[in-house]
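Chemist: One structure, as structure tokens, below. Some questions next.
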Amino acid sequence: TAAAERPERSALTVHEYIVYSASFNVPAFYFTVHDTNGAPSSLVDILRTSFFKFKPPIGAEANAFALTLPPGPFPLLSQGDHPTLGTPCWYFHPCETDAAVGEFMAEVEQAGWNEETRLVRWIELWVMIVGGVLNL
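Counting with my numbering, you get residues 289 to 424 for the letters of the sequence shown.
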């Protein structure tokens, strides 16, 4: 039967974290993906799920520890320990976060905004950018 020929899709557990990056002074998005037995999923397997809204572009380089998009000098996605939990996680490298959000802020920021309004809007834009890549 057709069902016997197709590999079964098993449920995955995704844990998502927003962590402050003291090095870059911006939020960073960390996550883990595990199968029903608790085994962590590989990057290749994660990229095959519906967690990401898009497939990596042609020329992207993926290995066991990172996903690098051309011509980026830093990986877009890296594997490392969660800064407070100490557990292995995947995370979006925060080095270009301020520049990415800054491009949107330049379009929407209004002269009368106080610091609190500006910071709230910055966080909203950051969540919008992350949500544009991931099915949150």
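We treat Cβ as the ideally placed atom computed from N, Cα and C, and that holds for glycine.
In this text, all values refer to a predicted model and were calculated from it rather than measured experimentally.
I'd like to confirm something about P371: is its beta-carbon nearer than 8 Å to some heavy atom of the ligand GTP, or not?
Modeler: Absence of the ligand GTP is noted for the structure shown, with no ligands found whatsoever.
Chemist: Just tell me which of T337, L365, G390 and A387 has its CA closest to the CA of A380.
Modeler: Here the sequence assigns Phe to residue 380, which means Ala is not the residue at that position. That would be L365, whose Cα lies nearest to the Cα of F380.
Chemist: Can you pull the DSSP bridge partners for S309?
Modeler: Per DSSP, V314.
Chemist: Distance check for N325 and W401, CA to CA, integer angstroms please.
Modeler: If I take the Cα positions, the gap works out to 49 Å.
Chemist: State the beta-bridge partners of D323 as determined by DSSP.
Modeler: Partner(s): none; D323 has no beta bridge.
Chemist: Give me whichever residues DSSP pairs with V332 in a beta bridge.
Modeler: Paired residues: none, contrary to the question.
Chemist: Taking DSSP as the reference, what is the three-state secondary structure of F380?
Modeler: Reduced to three states, the DSSP call for F380 is strand.
Chemist: What are the start and end residues of each continuous alpha helix (DSSP H) run of 4 or more residues lying completely inside the stretch 354–409, in chain order?
Modeler: Listed in chain order, the complete alpha helix (DSSP H) runs (minimum 4 residues) inside the stretch 354–409 are 385–396.
Chemist: Alpha carbon to alpha carbon, how far is V389 from P359? Give it in angstroms, no decimals.
Modeler: Whole-angstrom Cα-Cα distance: 20 Å.
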